[in-house]
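In numbering that gives the first Met the number 0, the protein residues as written are 0 to 418. We put the beta carbon where it would ideally sit given N, CA and C, even for glycine.
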Amino acid sequence: MSYLVINGGKPLEGEVSVHGSKNAVLPILAATLLNRGINVIHNCPRLKDVEISLEILRHLGCTVTRDGDTVTVCSKNACGDHIPVELMRRMRSSIVFMGAILARMQSAVMSMPGGCEIGLRPIDLHLKAFRTLGVDVVEEQGEIRCRMQKIIPQTIQLELPSVGATENIMLLSCVADGVTVINNAAREPEIIDLQNYLNAIGACVTGAGTDTVKIRGVSRLHDGEHTIIPDRIVASTYLACAMTTGGTVTLNRVIPAHISAMIATLRECGAHIFLGRQSVTIRAPHTALPVRTIRTAPYPGFPTDAQSILLSVLAVSRGTSIIKENIFEGRFRHAFELNRMGADIEVEGRLAVVRGVRRLYGCPVMACDLRSGAALVAAGLGAHGTTTVGNVHYIDRGYEQLERELRTLGADIERVESL
Ligand code: EPZ
Numbered sequence: 000m001s002y003l004v005i006n007g008g009k010p011l012e013g014e015v016s017v018h019g020s021k022n023a024v025l026p027i028l029a030a031t032l033l034n035r036g037i038n039v040i041h042n043c044p045r046l047k048d049v050e051i052s053l054e055i056l057r058h059l060g061c062t063v064t065r066d067g068d069t070v071t072v073c074s075k076n077a078c079g080d081h082i083p084v085e086l087m088r089r090m091r092s093s094i095v096f097m098g099a100i101l102a103r104m105q106s107a108v109m110s111m112p113g114g115c116e117i118g119l120r121p122i123d124l125h126l127k128a129f130r131t132l133g134v135d136v137v138e139e140q141g142e143i144r145c146r147m148q149k150i151i152p153q154t155i156q157l158e159l160p161s162v163g164a165t166e167n168i169m170l171l172s173c174v175a176d177g178v179t180v181i182n183n184a185a186r187e188p189e190i191i192d193l194q195n196y197l198n199a200i201g202a203c204v205t206g207a208g209t210d211t212v213k214i215r216g217v218s219r220l221h222d223g224e225h226t227i228i229p230d231r232i233v234a235s236t237y238l239a240c241a242m243t244t245g246g247t248v249t250l251n252r253v254i255p256a257h258i259s260a261m262i263a264t265l266r267e268c269g270a271h272i273f274l275g276r277q278s279v280t281i282r283a284p285h286t287a288l289p290v291r292t293i294r295t296a297p298y299p300g301f302p303t304d305a306q307s308i309l310l311s312v313l314a315v316s317r318g319t320s321i322i323k324e325n326i327f328e329g330r331f332r333h334a335f336e337l338n339r340m341g342a343d344i345e346v347e348g349r350l351a352v353v354r355g356v357r358r359l360y361g362c363p364v365m366a367c368d369l370r371s372g373a374a375l376v377a378a379g380l381g382a383h384g385t386t387t388v389g390n391v392h393y394i395d396r397g398y399e400q401l402e403r404e405l406r407t408l409g410a411d412i413e414r415v416e417s418l
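Below is the structure:
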């Protein structure tokens, strides 16, 4: 097991580039199954979850090559419809492959994706939408088996603006014979990126970014090329690391509009933030101000993925803040790790009361999921003394060489492989 050793207290200074978005590239890699041809994906980050997706594509019969940040997938000879349990288990979000496999093969078999560290992660909305579109879905003995003759294009009313369910319906409907409409669709930037990729291979999708997405099915798709948008949560993480260390950092290759909720919140915390066309510069205060209440919500609300990271910022602030987590039920687990570092955070279900302290003190902590791991790194960078963060594999799922990037900003951080 590897872990990160951080000697805290040094303000981060300098510039860093933000890599491609994990949550944009995962559904787009699934979509490469659709066109039975060549797909060139630029700005594809080197992440554990991306590697697992590429493994799934190879398992399904695709050829996959990587040249730097560009991944090329040829799905001409794809023939499989089954994702083995060991691959499903390693990445919960493999469920987004279901719509693409069904659209290509007219059948799909995969194990129920287990819950994960942040909550139960049900997929009832995905399966309900598939059944509405004419898919025969059988769930038994921990497996989901889907078969279909023809998609029956419909209007789907999502009970919740689920990102994954929106993506799965878009993937399944691309080659249907008719128009499918998704009402109450998720509006995240990753949905827009998926629409742009699908249209680049000849699909006809409109409305992404709004709560109504329309997919007009086409008979054939063709080769395509696409550049993945920057990762808005990685960008938010770097801003949080500037805040916990009182530093001045410029992010390059970022889309400021995608992180407007985080920017507004950090300005409330006393940060001076300047926006460029594709850059954001933050000058952090010596000590953050508290925020009265943060409520996580679907985009463009405050993102649940950035909530974990914000907790580390508010842990050292001049007052009390309240955070309400409305998306996932298990998103405060690292609060107990922060309290071991001297924070004063009280968690009651989906509510956290954060009483700001003067500073945190380094100690051994363990990441319990992807974003909590990043949050503990941010906390360690600002803490007095040495922090070791275990379970780094969680962090590697969504951050490409986080410690290397932070070192370019002056952080004293290194990765150590345990004996
Ligand atoms: C995506 O997860 C992201 N993952 C998550 O990022 C992100 O936190 C989440 O969207 C919300 O923005 C990827 O894109 C790979 P949802 P997803 O379906 O699609 C409930 C990270 O750290 N729900 O929008 O799984 C669900 O329980 C990850 O990068 C159902 O009830 O999220 C949750 O309360 C973590 N039934 C809410 O909807 C369903 O069938 C939002 O989930 C589906 C979801």
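Task: Continuous beta strand (DSSP E) stretch holding SER320: start and end - done: Locating residue 320 in the sequence shown gives position 321, counting from the first residue. Where SER320 is concerned, the enclosing beta strand (DSSP E) stretches over 319-323.
Open item on the list: Please report the straight-line C-alpha distance between HIS271 and LEU265, rounded to a whole angstrom.
Closed with: Start at 1 with the first residue of the sequence shown, and residue 271 comes out as number 272. Start at 1 with the first residue of the sequence shown, and residue 265 comes out as number 266. Distance between the alpha carbons of HIS271 and LEU265 is about 8 Å.
Task: Cβ-heavy atom distance, THR419 to the ligand EPZ, below 7 Å - done: This structure cannot speak to residue 419, because the chain is shown only from 0 to 418.
Task: Local conformation of CYS240 per DSSP, three classes - done: The residue you call residue 240 lines up with position 241 of the sequence shown. In this structure, CYS240 counts as helix in the three-state DSSP scheme.
Open item on the list: Tell me the DSSP secondary structure of LYS9 in three-state form.
Closed with: As a first step, residue 9 must be located in the sequence shown, where it is residue number 10. Residue state, collapsed to three classes: coil.
Open item on the list: Quick check on DSSP: helix, strand or coil for ARG403?
Closed with: Counted from its first residue, the sequence shown places residue 403 at position 404. Helix.
TODO: Flag LYS21 as yes when its Cβ comes closer than 7 Å to any non-hydrogen atom of the ligand EPZ, and as no otherwise.
DONE: Walking along the sequence shown from the start, residue 21 turns up at place 22. Distances taken from the Cβ of LYS21 to the heavy atoms of the ligand EPZ include one shorter than 7 Å.
TODO: Please indicate yes or no: does the CB of ALA185 lie closer than 7 Å to some heavy atom of the ligand EPZ?
DONE: Residue numbering aside, residue 185 sits at position 186 when the sequence shown is read from its first letter. Correct: ALA185 has its Cβ closer than 7 Å to the ligand EPZ.
Open item on the list: Rounding to the nearest angstrom, what Cα-Cα distance links SER172 and VAL388 in this structure?
Closed with: Residue 172 sits at position 173 when you count from the first residue of the sequence shown. Residue 388 sits at position 389 when you count from the first residue of the sequence shown. Between SER172 and VAL388, the C-alpha separation is close to 43 Å.
- [ ] Within the same chain, show all residues whose beta-carbon is closer than 6 Å to that of ASP192, passing over the 5 residues directly before and after it, in chain order.
- [x] Counting from 1 along the sequence shown, the entry for residue 192 is found at position 193. Only ALA23 and ILE228 meet the Cβ criterion.
Open item on the list: Using DSSP's beta-bridge definition, name the partner residues of ILE214.
Closed with: Position 215 of the sequence shown holds residue 214. ILE214 is bridged to THR179 and VAL204.
TODO: Just the C-alpha distance for ASN325 and ARG370, rounded to the nearest angstrom, thanks.
DONE: The sequence position of residue 325 within the sequence shown is 326, counting from 1. The sequence position of residue 370 within the sequence shown is 371, counting from 1. Cα to Cα, the separation comes out at about 16 Å.
- [ ] Return the chain-ordered list of same chain residues with a C-beta closer than 7 Å to the C-beta of ARG252, the five sequence neighbours on each side being excluded.
- [x] Walking along the sequence shown from the start, residue 252 turns up at place 253. The beta carbon of ARG252 sits closer than 7 Å to those of SER16, VAL17, PRO229 and GLN277, all from its chain and outside the five residues before and after it, given in chain order.
Task: Contact test: PRO455 Cβ vs the ligand EPZ heavy atom, cutoff 7 Å - done: Since the first and last residues shown for the chain are 0 and 418, residue 455 lies out of range.
Task: ALA164 Cβ short of 7 Å to the ligand PLP heavy atom set - done: As presented, the structure is devoid of the ligand PLP, carrying the ligand EPZ as its sole ligands.
TODO: Might you give, ordered along the chain, the residues of its own chain that have their beta carbon closer than 6 Å to the beta carbon of THR31, omitting 5 neighbours on each side?
DONE: Translated into the one-based positions of the sequence shown, residue 31 becomes position 32. These residues qualify, in order along the chain: ASN38, VAL72 and SER74.
TODO: Could you pull the start and end residues of the alpha helix (DSSP H) that SER316 belongs to?
DONE: Position 317 of the sequence shown, counted from the start, is the residue given in the question as residue 316. Note, SER316: premise wrong, no alpha helix (DSSP H); not H, not E.
Task: Reduced DSSP secondary structure (H/G/I, E/B, other) of THR286 - done: To locate residue 286, count along the sequence shown from 1; it is residue 287. Residue state, collapsed to three classes: coil.
Task: Sub-8 Å separation of LEU380 and ILE5 beta-carbons - done: For the purposes of this step, residue 380 is taken as the residue at position 381 of the sequence shown. For the purposes of this step, residue 5 is taken as the residue at position 6 of the sequence shown. Yes, Cβ-Cβ distance for LEU380 and ILE5 is below 8 Å.
Task: The alpha helix (DSSP H) enclosing SER374, as first and last residue numbers - done: The sequence position of residue 374 within the sequence shown is 375, counting from 1. Checking the sequence shown, residue 374 turns out to be Ala, not Ser. ALA374 -> alpha helix (DSSP H) spans 369-381.
- [ ] For CYS78, count neighbouring C-beta atoms within 10 Å of its own C-beta (all shown protein chains included) and say buried if the count is 16 or more, exposed if not.
- [x] Translated into positions along the sequence shown, residue 78 becomes position 79. Classification of CYS78: exposed, given that the 10 Å Cβ count is below 16.
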